[in-house]
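In the working numbering, the protein residues as written are 368 to 688.
Here is the structure we will look at.
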């Protein structure tokens, strides 16, 4: 019933010129996640800039569409815009998942440089599907969550390991762990039932899921800074007035800048929260770093063999070759 109402509202918005519009926006993460906070601010900025002529109603935590369906819901026009984890589209083209290649971009400066290389290609690929990117914001650098410290890659062998995209599935396999697909909102239950024993994710997800309830150690491997992306249906966007279009794009630019700042602040704050709740915060041992880098190099070599010309263009631009 909710989806029908949302679809009906969008259909009206796409098909008729009305004085005021309400856009439903599905997002995959909960209200306390900084990405969702940033998106609610984005929606408020749009409302203010359009004097309420365009209202964006945020449906968080997969309440309107599951994470895996959000992109296609926007593409089909069931909703005008939505947020999802960018590298989940790697099965369409590896250009979408460059930011999830382990140890390719491990700092915010490197992540920003990578996005600058990635954005034109992503824009072109999404355009073919009637979509347009509005903004993209990274998660903090990904760390390793386990019970007990992992001294080497060999210690990961046999562990049931969360894999939320194809790159992590490959990583887990190369580490001789067992990849298990689990959404962020289901992490606590997956650990409590034994479905998961280890994961690589951001301090944000770790703190928001109260990782200290099911693991005791966070290792700061700074593996990569994957991004979420907000996209809009081009037909819906094109039917806005010029002033409304400008309001959306200005709010998107503000949201991207604000989101990157929030991410950096989040990394420090959430790591501190985990420490305050009893988790051991450790740096990786030289042996673990060496093993992880070896896996990263192996994954990048394999990635190059499978990458499309568009994906290779992203890597070439980023590396400056």
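C-beta atoms are modelled at their ideal positions from N, C-alpha and C, and glycine is treated no differently.
> Buried or exposed: where does residue 537 fall if 16 or more other Cβ atoms within 10 Å of its Cβ makes it buried?
Replying inline: When all chains shown are included, residue 537 counts as buried.
> How would you label residue 608, buried or exposed, when you count the other beta carbons within 10 angstroms and need 16 or more for buried?
Replying inline: Within 10 angstroms of the beta-carbon of residue 608 lie fewer than 16 other beta-carbons, which makes it exposed.
> What first and last residue would you give for the alpha helix (DSSP H) that runs through residue 685?
Replying inline: 676-686 is the span of the alpha helix (DSSP H), which, as asked, contains residue 685.
>> Report the start-end ranges of each alpha helix (DSSP H) in the region 550-619 that is 4 residues or longer and not cut off at the edges.
In response: Uninterrupted alpha helix (DSSP H) stretches at least 4 residues long and entirely within the region 550-619 occur at 554-559, 570-575, 601-605, given in chain order.
>> If the criterion is Cβ atoms closer than 9 Å, does the pair residue 453 and residue 489 meet it?
In response: For residue 453 and residue 489, yes; Cβs fall inside 9 Å.
>> Starting from residue 440, trace the alpha helix (DSSP H) in both directions and tell me its first and last residue.
In response: Residue 440: member of the alpha helix (DSSP H) spanning 434-442, first to last residue.
> Would you report the Cα separation of residue 633 and residue 664, rounded to the nearest angstrom?
Replying inline: Note on geometry: alpha-carbon atoms of residue 633 and residue 664 lie some 29 Å from one another.
> Smallest Cα separation from residue 584: which of 469, 642, 676, 449?
Replying inline: That would be 642, whose Cα lies nearest to the Cα of residue 584.
>> If we require 3 or more residues per run, which beta strand (DSSP E) segments fall completely within the region 520-553?
In response: You should have 527-529, 545-547.
> So, is residue 603 buried or exposed, given that buried needs 16 or more other C-beta atoms within 10 angstroms?
Replying inline: Looking at its Cβ environment, which holds 16 or more other Cβ atoms inside 10 Å, residue 603 is buried.
> By Cβ distance below 8 Å, which residues in the same chain neighbour residue 473 in space, the five residues on each side in sequence not counted?
Replying inline: The residues are 508, 589, 590, 591, 592.
> How would you call residue 605, buried or exposed, if buried means at least 16 neighbouring beta carbons within 10 angstroms?
Replying inline: Here residue 605 is exposed: its Cβ has fewer than 16 other Cβ atoms, across all protein chains shown, within 10 Å.
>> Can you give me the C-alpha to C-alpha distance between residue 645 and residue 579, rounded to a whole angstrom?
In response: Cα-Cα distance, rounded: 7 Å.
> So what does DSSP say about residue 506, is it helix, strand or coil?
Replying inline: Secondary structure at residue 506: coil, using DSSP grouped into helix, strand and coil.
> Rounded to whole angstroms, how far is the Cβ of residue 525 from the Cβ of residue 544, which I believe are closer than 8 Å?
Replying inline: The Cβ separation is near 7 Å, so the contact holds.
> Does the region 436-443 come close enough to the region 615-631 to have 3 or more Cβ pairs within less than 8 Å?
Replying inline: Cβ pair count under 8 Å is below three, so no.
>> Just verifying my parser: in three-state terms, what is the DSSP assignment at residue 396?
In response: It is coil, neither helix nor strand.
>> Nearest by alpha-carbon distance to residue 500: which of 586, 420, 619, 548 is it?
In response: Selection 586, 420, 619, 548 evaluated against residue 500 yields 619 as nearest (Cα-Cα).
> Over what stretch of residues does the alpha helix (DSSP H) that includes residue 409 continue unbroken?
Replying inline: Looking at the DSSP string, the run of the alpha helix (DSSP H) that includes residue 409 is 401-416.
> Among the residues of its own chain, which have a CB less than 7 Å from the CB of residue 416, if the five just before and after it don't count?
Replying inline: 614, 617, 618.
> Between the Cα of residue 555 and the Cα atoms of 470, 668, 574, which residue gives the shortest distance?
Replying inline: The shortest Cα separation from residue 555 among 470, 668, 574 belongs to 574.
>> Please report the straight-line C-alpha distance between residue 511 and residue 521, rounded to a whole angstrom.
In response: In this model, residue 511 and residue 521 are separated by some 14 Å (Cα to Cα).
> Alpha carbon to alpha carbon, what distance is there between residue 419 and residue 669?
Replying inline: One C-alpha to the other measures close to 50 Å.
>> Using C-beta distances below 6 Å, list every residue in its chain close to residue 390, excluding the 5 sequence neighbours before and after it, in chain order.
In response: Excluding the 5 residues flanking it on each side, residue 390 has same chain C-beta neighbours closer than 6 Å at 423, 447, in chain order.
> With 16 as the cutoff for other CB atoms within 10 Å, does residue 674 come out buried or exposed?
Replying inline: It counts as buried.
> Helix or strand or just coil, what does DSSP make of residue 646?
Replying inline: Coil.
>> For a quick check, are the C-beta atoms of residue 551 and residue 513 less than 9 Å apart?
In response: Not closer than 9 Å, so no.
> Is residue 387 buried or exposed, if buried means 16 or more other CB atoms sit within 10 Å of its CB?
Replying inline: Classification for residue 387: exposed.
>> Once DSSP output is grouped into helix, strand and coil, what is the label at residue 660?
In response: Helix, per DSSP.
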